[in-house]
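Residue numbers (this note's numbering): 1 to 280. Just so you know, even glycine gets a beta-carbon here, dropped at the ideal spot from N, CA and C.
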(Lines of atoms letter the chains of each structure in order from A; the text may use other names.)
(Lines give C-alpha, C1' and ligand atoms only; values in the text may rest on other atoms or scores of the structure.)
Protein backbone atom coordinates (compact mmCIF):
# COMPACT_ATOMS: atom_id res chain seq x y z
CA UNK A 1 0.00 0.00 0.00
CA UNK A 2 2.82 2.32 0.75
CA UNK A 3 4.29 1.89 -2.77
CA UNK A 4 1.06 2.51 -4.74
CA UNK A 5 0.49 5.91 -3.35
CA UNK A 6 3.08 7.67 -5.44
CA UNK A 7 1.80 6.02 -8.63
CA UNK A 8 -1.76 6.95 -7.92
CA UNK A 9 -0.65 10.43 -7.01
CA UNK A 10 1.30 10.87 -10.20
CA UNK A 11 -1.48 9.39 -12.27
CA UNK A 12 -4.00 11.74 -10.83
CA UNK A 13 -1.71 14.66 -11.28
CA UNK A 14 -1.28 13.75 -14.92
CA UNK A 15 -5.04 13.45 -15.41
CA UNK A 16 -5.54 16.84 -13.85
CA UNK A 17 -2.76 18.56 -15.78
CA UNK A 18 -3.50 16.76 -19.07
CA UNK A 19 -6.60 18.71 -20.16
CA UNK A 20 -4.80 21.98 -19.52
CA UNK A 21 -1.83 21.06 -21.77
CA UNK A 22 -4.06 19.72 -24.55
CA UNK A 23 -6.18 22.93 -24.44
CA UNK A 24 -3.14 25.19 -24.79
CA UNK A 25 -1.79 23.13 -27.68
CA UNK A 26 -5.15 23.16 -29.40
CA UNK A 27 -5.47 26.91 -29.06
CA UNK A 28 -1.94 27.38 -30.51
CA UNK A 29 -2.85 25.17 -33.46
CA UNK A 30 -6.01 27.15 -34.15
CA UNK A 31 -4.08 30.45 -34.06
CA UNK A 32 -1.46 29.15 -36.49
CA UNK A 33 -4.04 27.90 -38.96
CA UNK A 34 -5.99 31.14 -38.80
CA UNK A 35 -2.82 33.08 -39.52
CA UNK A 36 -2.09 30.88 -42.54
CA UNK A 37 -5.62 31.42 -43.85
CA UNK A 38 -5.28 35.15 -43.60
CA UNK A 39 -1.91 35.03 -45.34
CA UNK A 40 -3.32 33.01 -48.21
CA UNK A 41 -6.31 35.26 -48.77
CA UNK A 42 -4.24 38.46 -48.89
CA UNK A 43 -1.22 37.18 -50.84
CA UNK A 44 -1.80 39.76 -53.65
CA UNK A 45 -2.03 42.59 -51.11
CA UNK A 46 0.88 42.39 -48.71
CA UNK A 47 0.17 43.90 -45.36
CA UNK A 48 2.71 45.83 -43.36
CA UNK A 49 4.57 43.78 -40.82
CA UNK A 50 3.36 44.05 -37.25
CA UNK A 51 5.74 44.04 -34.36
CA UNK A 52 4.79 42.72 -30.98
CA UNK A 53 5.99 43.62 -27.59
CA UNK A 54 7.08 41.24 -24.87
CA UNK A 55 3.50 40.85 -23.77
CA UNK A 56 2.42 39.82 -27.32
CA UNK A 57 0.43 43.05 -27.68
CA UNK A 58 0.48 44.82 -31.05
CA UNK A 59 2.94 47.71 -31.28
CA UNK A 60 1.72 51.01 -32.69
CA UNK A 61 1.77 51.01 -36.53
CA UNK A 62 4.25 53.35 -38.26
CA UNK A 63 2.46 56.04 -40.29
CA UNK A 64 3.99 56.55 -43.77
CA UNK A 65 3.24 59.51 -46.06
CA UNK A 66 1.11 58.68 -49.09
CA UNK A 67 2.80 59.12 -52.52
CA UNK A 68 2.09 62.31 -54.51
CA UNK A 69 -0.98 62.11 -56.74
CA UNK A 70 -0.29 61.11 -60.36
CA UNK A 71 -1.90 64.33 -61.56
CA UNK A 72 0.98 66.48 -60.24
CA UNK A 73 3.58 64.43 -62.15
CA UNK A 74 1.58 64.71 -65.35
CA UNK A 75 1.33 68.47 -64.93
CA UNK A 76 5.10 68.77 -64.40
CA UNK A 77 5.82 66.71 -67.53
CA UNK A 78 3.37 68.86 -69.49
CA UNK A 79 5.13 72.06 -68.38
CA UNK A 80 8.51 70.65 -69.38
CA UNK A 81 7.15 69.68 -72.78
CA UNK A 82 5.82 73.20 -73.34
CA UNK A 83 9.19 74.69 -72.37
CA UNK A 84 10.93 72.31 -74.78
CA UNK A 85 8.66 73.41 -77.61
CA UNK A 86 9.39 77.07 -76.85
CA UNK A 87 13.13 76.41 -76.89
CA UNK A 88 12.81 74.62 -80.23
CA UNK A 89 10.93 77.59 -81.68
CA UNK A 90 13.58 80.01 -80.40
CA UNK A 91 16.33 77.89 -81.94
CA UNK A 92 14.49 77.86 -85.27
CA UNK A 93 14.12 81.64 -85.14
CA UNK A 94 17.81 82.08 -84.35
CA UNK A 95 18.74 79.77 -87.23
CA UNK A 96 16.59 81.87 -89.54
CA UNK A 97 18.30 85.06 -88.40
CA UNK A 98 21.72 83.49 -88.91
CA UNK A 99 20.77 82.53 -92.47
CA UNK A 100 19.49 86.04 -93.15
CA UNK A 101 22.70 87.59 -91.84
CA UNK A 102 24.82 85.17 -93.86
CA UNK A 103 22.88 86.14 -97.00
CA UNK A 104 23.31 89.83 -96.19
CA UNK A 105 27.05 89.36 -95.69
CA UNK A 106 27.34 87.60 -99.04
CA UNK A 107 25.34 90.36 -100.71
CA UNK A 108 27.52 93.08 -99.19
CA UNK A 109 30.67 91.25 -100.25
CA UNK A 110 29.37 90.98 -103.79
CA UNK A 111 28.49 94.69 -103.84
CA UNK A 112 31.87 95.60 -102.42
CA UNK A 113 33.63 93.49 -105.04
CA UNK A 114 31.51 95.07 -107.76
CA UNK A 115 32.44 98.55 -106.55
CA UNK A 116 36.12 97.63 -106.59
CA UNK A 117 35.85 96.30 -110.12
CA UNK A 118 33.99 99.40 -111.23
CA UNK A 119 36.66 101.56 -109.64
CA UNK A 120 39.33 99.60 -111.48
CA UNK A 121 37.50 100.21 -114.76
CA UNK A 122 37.41 103.93 -113.99
CA UNK A 123 41.09 103.96 -113.20
CA UNK A 124 41.86 102.13 -116.42
CA UNK A 125 39.88 104.78 -118.29
CA UNK A 126 42.11 107.57 -117.05
CA UNK A 127 41.99 110.17 -114.33
CA UNK A 128 45.43 111.64 -113.96
CA UNK A 129 46.20 114.99 -115.55
CA UNK A 130 48.58 115.52 -118.45
CA UNK A 131 52.19 114.89 -117.65
CA UNK A 132 51.57 112.27 -114.97
CA UNK A 133 53.91 109.35 -114.67
CA UNK A 134 50.99 106.93 -115.01
CA UNK A 135 50.68 107.71 -118.72
CA UNK A 136 46.88 108.10 -118.52
CA UNK A 137 44.98 110.38 -120.86
CA UNK A 138 44.21 113.84 -119.50
CA UNK A 139 40.78 114.51 -118.07
CA UNK A 140 39.25 117.81 -119.03
CA UNK A 141 37.14 119.72 -116.52
CA UNK A 142 34.74 122.59 -116.98
CA UNK A 143 34.31 124.98 -114.05
CA UNK A 144 30.87 126.23 -113.16
CA UNK A 145 29.48 128.91 -115.44
CA UNK A 146 32.44 128.89 -117.78
CA UNK A 147 30.86 127.10 -120.74
CA UNK A 148 33.33 124.83 -122.45
CA UNK A 149 36.49 126.69 -121.43
CA UNK A 150 38.85 125.09 -118.98
CA UNK A 151 40.11 126.64 -115.77
CA UNK A 152 43.78 127.43 -115.77
CA UNK A 153 45.92 125.06 -113.77
CA UNK A 154 47.22 126.72 -110.64
CA UNK A 155 50.82 126.31 -109.51
CA UNK A 156 51.25 123.03 -107.71
CA UNK A 157 47.73 121.87 -108.55
CA UNK A 158 48.76 119.15 -110.99
CA UNK A 159 51.32 117.69 -108.62
CA UNK A 160 48.84 117.64 -105.72
CA UNK A 161 46.19 115.98 -107.85
CA UNK A 162 48.61 113.39 -109.24
CA UNK A 163 49.77 112.53 -105.72
CA UNK A 164 46.20 111.96 -104.53
CA UNK A 165 45.34 109.97 -107.64
CA UNK A 166 48.41 107.75 -107.15
CA UNK A 167 47.05 106.76 -103.75
CA UNK A 168 43.84 105.63 -105.44
CA UNK A 169 45.75 103.48 -107.91
CA UNK A 170 47.74 101.97 -105.05
CA UNK A 171 44.44 101.19 -103.27
CA UNK A 172 45.40 103.34 -100.28
CA UNK A 173 41.84 104.56 -100.11
CA UNK A 174 41.86 106.16 -96.68
CA UNK A 175 44.95 108.22 -97.49
CA UNK A 176 43.48 109.08 -100.88
CA UNK A 177 40.36 110.53 -99.23
CA UNK A 178 42.51 112.74 -97.02
CA UNK A 179 44.65 113.80 -99.99
CA UNK A 180 41.69 114.80 -102.15
CA UNK A 181 40.15 116.76 -99.27
CA UNK A 182 43.40 118.65 -98.82
CA UNK A 183 43.50 119.24 -102.56
CA UNK A 184 40.03 120.81 -102.54
CA UNK A 185 40.98 123.00 -99.58
CA UNK A 186 43.99 124.31 -101.49
CA UNK A 187 42.36 124.49 -104.93
CA UNK A 188 38.58 124.81 -104.50
CA UNK A 189 38.22 126.39 -107.95
CA UNK A 190 41.08 124.54 -109.58
CA UNK A 191 41.02 122.82 -112.93
CA UNK A 192 40.80 119.37 -111.34
CA UNK A 193 38.36 120.21 -108.55
CA UNK A 194 35.44 118.43 -110.31
CA UNK A 195 37.57 115.30 -110.66
CA UNK A 196 38.52 115.49 -107.00
CA UNK A 197 34.83 115.57 -105.99
CA UNK A 198 34.12 112.63 -108.25
CA UNK A 199 36.95 110.50 -106.86
CA UNK A 200 35.90 111.32 -103.33
CA UNK A 201 32.46 109.91 -104.17
CA UNK A 202 34.06 106.78 -105.60
CA UNK A 203 36.32 106.37 -102.58
CA UNK A 204 33.47 106.68 -100.08
CA UNK A 205 31.90 103.63 -101.73
CA UNK A 206 34.97 101.41 -101.42
CA UNK A 207 36.01 102.37 -97.90
CA UNK A 208 35.37 99.87 -95.14
CA UNK A 209 32.71 100.45 -94.06
CA UNK A 210 31.28 102.26 -97.08
CA UNK A 211 29.64 105.66 -96.65
CA UNK A 212 26.91 105.93 -99.32
CA UNK A 213 25.59 109.23 -97.99
CA UNK A 214 28.99 110.92 -98.21
CA UNK A 215 29.33 109.53 -101.73
CA UNK A 216 25.92 110.92 -102.68
CA UNK A 217 26.89 114.37 -101.42
CA UNK A 218 30.14 114.36 -103.40
CA UNK A 219 28.44 113.37 -106.65
CA UNK A 220 25.62 115.89 -106.16
CA UNK A 221 28.14 118.64 -105.43
CA UNK A 222 29.84 117.87 -108.74
CA UNK A 223 26.52 118.11 -110.61
CA UNK A 224 25.42 121.31 -108.83
CA UNK A 225 28.68 123.24 -109.00
CA UNK A 226 30.04 121.97 -112.31
CA UNK A 227 27.14 121.47 -114.74
CA UNK A 228 28.18 120.07 -118.10
CA UNK A 229 31.44 118.75 -116.75
CA UNK A 230 32.96 115.72 -118.47
CA UNK A 231 32.41 113.72 -115.29
CA UNK A 232 28.68 114.39 -115.19
CA UNK A 233 27.59 111.13 -116.94
CA UNK A 234 29.70 109.10 -114.52
CA UNK A 235 28.33 111.04 -111.56
CA UNK A 236 24.74 110.43 -112.70
CA UNK A 237 25.39 106.71 -113.05
CA UNK A 238 27.02 106.59 -109.63
CA UNK A 239 24.10 108.42 -108.07
CA UNK A 240 21.81 105.74 -109.44
CA UNK A 241 24.01 103.10 -107.81
CA UNK A 242 24.16 105.00 -104.51
CA UNK A 243 20.38 105.36 -104.25
CA UNK A 244 20.02 101.65 -104.99
CA UNK A 245 22.41 100.86 -102.14
CA UNK A 246 20.41 103.16 -99.85
CA UNK A 247 17.23 101.27 -100.77
CA UNK A 248 15.58 104.02 -102.85
CA UNK A 249 14.88 102.16 -106.08
CA UNK A 250 12.72 104.91 -107.58
CA UNK A 251 15.44 107.57 -107.23
CA UNK A 252 17.97 105.06 -108.51
CA UNK A 253 15.95 104.53 -111.66
CA UNK A 254 15.58 108.31 -112.18
CA UNK A 255 19.34 108.93 -112.30
CA UNK A 256 20.01 105.86 -114.44
CA UNK A 257 17.32 106.84 -116.93
CA UNK A 258 18.68 110.39 -116.98
CA UNK A 259 22.20 109.32 -117.94
CA UNK A 260 20.77 107.04 -120.65
CA UNK A 261 18.59 109.87 -121.97
CA UNK A 262 21.11 112.75 -121.79
CA UNK A 263 24.31 110.86 -122.61
CA UNK A 264 23.21 107.86 -124.70
CA UNK A 265 26.63 107.38 -126.32
CA UNK A 266 28.61 107.45 -123.09
CA UNK A 267 30.07 104.39 -121.36
CA UNK A 268 28.07 105.39 -118.28
CA UNK A 269 24.84 104.96 -120.25
CA UNK A 270 25.85 101.42 -121.18
CA UNK A 271 26.60 100.62 -117.55
CA UNK A 272 23.26 102.12 -116.52
CA UNK A 273 21.37 99.90 -118.97
CA UNK A 274 23.18 96.84 -117.72
CA UNK A 275 22.48 97.73 -114.08
CA UNK A 276 18.79 98.25 -114.77
CA UNK A 277 18.50 94.86 -116.47
CA UNK A 278 20.20 93.08 -113.60
CA UNK A 279 18.71 94.88 -110.60
CA UNK A 280 15.65 97.00 -111.44
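By the C-beta criterion, the stretch 241-253 is judged not to be in contact with the stretch 225-232, since fewer than 3 inter-stretch pairs fall below 8 angstroms.
A straight line joining the alpha-carbon of residue 102 with that of residue 244 spans about 20 angstroms. Look at residue 88 here: in three-state DSSP terms it is helix. At a Cβ-Cβ threshold of 7 angstroms, residue 173 and residue 201 do not count as neighbours.
The Cβ-Cβ distance between residue 197 and residue 167 does not fall below 7 angstroms.
Taken through DSSP and simplified to helix, strand or coil, residue 191 comes out as coil.
For residue 218, the enclosing alpha helix (DSSP H) covers residues 212-225. A straight line joining the alpha-carbon of residue 76 with that of residue 211 spans about 55 angstroms. For residue 190, same chain residues with a beta-carbon under 6 angstroms away, outside a window of 5 residues either side, are 154 and 157 in chain order. Between the alpha carbons of residue 74 and residue 98 lies a distance of about 36 angstroms. Considering only 164, 187, 182 and 169, the residue with the shortest C-alpha distance to residue 152 is 187.
Rounded to whole angstroms, residue 161 and residue 170 show a C-alpha spacing of 14 angstroms.
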